[in-house]
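Residue numbers (this note's numbering), protein chains in the order written: chain A, 1 to 172; chain B, 1001 to 1172.
Using N, Cα and C, we set each Cβ at its ideal position, and we do this for glycine too.
Scroll down for the structure; my scribbles are underneath it.
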DNA sequence: TATTGTTATACTCTATAACTATA
DNA sequence: TATAGTTATAGAGTATAACAATA
């Protein structure tokens, strides 16, 4: 029988892999992520980092008014939890494919503003409902209270991951 | 303000990236996984796939009696959710470092049995408490009921990921 | 001097297919 | 023919450092 507590393992001398949180996170994330990546790439020719940029820009562009300036690579990196290297590459590819438009920032010429082109906005609008449908499909059968608990745990893990590492390396 | 429901996004035309489940899973898993990977590699010189093999063998070796035969690469691949390619490579590296011992199976000479050497068992015994401590550190502050709910959701997502992809590609 | 962004390099993990040796 | 395992190759993502342009 399988131990059912992902966060409370059983005994001290052994470790049941399928109750080990990092393992389970890896497996489930890989399954979800890969399914979605296939959707992006097969239907829209978009990679995951590219999607994150589209999502950030689509969201901000709609929220910002008509003279919304766009987002810099730095903004996108923070918003999408990506390194600046990945953002630079993905953005360059999207600009080349005319999905993004890049405009120089006269006030600080190191950076530039990116926003969705009309084509990019079209792709964004096509992907969003599919992404929602995907998420709904995944969530179907999960109770509201479980969903909320899950959300709390994810939020907690996000904060805890950094400090857990620090704590463990300390007393090594 | 941040939308707090990871599994129930807000409106149809936009998608808030930080409420999108695959994104959140990716980010949290990456944080957790990378923290742990650093621990394995810096202190024990073990990669994540190698750790999965150690964990599977350590667990089974302890459960099985003295004439437990070992596990085949195929067993390890299934148990650790890895492709046979990864298992083959990781196992070869571990055998070379004398952490695993490989014994031919006379009954079916295509496969062979792997088990932990004394050295391997030592490493396993050193890692397990650290892994438990890591998990406990992560879980500290999570209520028992949230942990159970989280477990149910992870389990659900694992099953749902495959079918969600199928459902979405169907009506494309 | 510090920061934005780009390029180069290397490494890990993944995916696929081709191949072997057995069965 | 099918299976266990290995090897080769290519891809995506990450991490790091070096670099150019600008502040």
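Within-8 Å CB hit, residue i to chain A
| i | result |
| --- | --- |
| residue 1146 of chain B | yes |
| residue 1044 of chain B | no |
| residue 1072 of chain B | no |
| residue 1167 of chain B | yes |
| residue 1120 of chain B | no |
| residue 1099 of chain B | no |
Residue i - DSSP class collapsed to helix/strand/coil
| i | result |
| --- | --- |
| residue 1100 of chain B | strand |
| residue 1112 of chain B | strand |
| residue 125 of chain A | helix |
| residue 1082 of chain B | coil |
| residue 157 of chain A | helix |
Closest by C-alpha distance to residue i, when choosing among the options
| i | options | result |
| --- | --- | --- |
| residue 1122 of chain B | B:1022, B:1154, B:1044, B:1083 | B:1044 |
| residue 1118 of chain B | B:1062, B:1132, B:1130, B:1020 | B:1062 |
| residue 16 of chain A | B:1066, B:1128, B:1089 | B:1128 |
| residue 98 of chain A | A:54, A:164, A:158 | A:54 |
| residue 1026 of chain B | A:131, A:14, A:82 | A:82 |
| residue 1019 of chain B | A:139, A:161, A:38, A:166 | A:139 |
| residue 116 of chain A | A:28, A:162, A:71 | A:71 |
| residue 1067 of chain B | B:1114, B:1130, B:1050 | B:1114 |
| residue 1154 of chain B | B:1102, B:1166, B:1029, B:1074 | B:1029 |
| residue 90 of chain A | A:34, A:148, A:52 | A:52 |
| residue 175 of chain A | B:1013, B:1039, B:1086 | No answer is possible for residue 175 of chain A: it lies beyond the span of chain A, which begins at 1 and ends at 172. |
| residue 69 of chain A | A:80, A:24, A:104, A:84 | A:104 |
| residue 60 of chain A | B:1149, B:1042, B:1013 | B:1013 |
| residue 141 of chain A | B:1080, B:1108, B:1164 | B:1164 |
Distance, residue j Cα to residue i Cα
| i | j | result |
| --- | --- | --- |
| residue 124 of chain A | residue 100 of chain A | 11 Å |
| residue 1032 of chain B | residue 95 of chain A | 33 Å |
| residue 102 of chain A | residue 120 of chain A | 12 Å |
| residue 1126 of chain B | residue 1133 of chain B | 12 Å |
| residue 161 of chain A | residue 48 of chain A | 23 Å |
| residue 1152 of chain B | residue 76 of chain A | 33 Å |
| residue 1112 of chain B | residue 1106 of chain B | 9 Å |
| residue 1024 of chain B | residue 1046 of chain B | 27 Å |
| residue 1092 of chain B | residue 137 of chain A | 40 Å |
| residue 1148 of chain B | residue 108 of chain A | 51 Å |
Cβ of residue i within 8 Å of any chain B Cβ
| i | result |
| --- | --- |
| residue 4 of chain A | Reliability fails at residue 4 of chain A, whose pLDDT of 47 lies under 50, so the model's placement of it is uncertain and the value that follows must be treated cautiously. True, the Cβ-Cβ gap to chain B drops below 8 Å. |
| residue 59 of chain A | yes |
| residue 62 of chain A | yes |
| residue 16 of chain A | yes |
| residue 129 of chain A | yes |
| residue 115 of chain A | no |
| residue 52 of chain A | yes |
| residue 83 of chain A | no |
| residue 158 of chain A | yes |
| residue 107 of chain A | no |
| residue 22 of chain A | yes |
| residue 126 of chain A | no |
| residue 32 of chain A | yes |
| residue 89 of chain A | no |
Assigned exposure category for residue i - 16 Cβ within 10 Å defines buried
| i | result |
| --- | --- |
| residue 1135 of chain B | buried |
| residue 1050 of chain B | buried |
| residue 65 of chain A | exposed |
| residue 22 of chain A | buried |
| residue 74 of chain A | exposed |
| residue 35 of chain A | buried |
| residue 1087 of chain B | buried |
| residue 1058 of chain B | buried |
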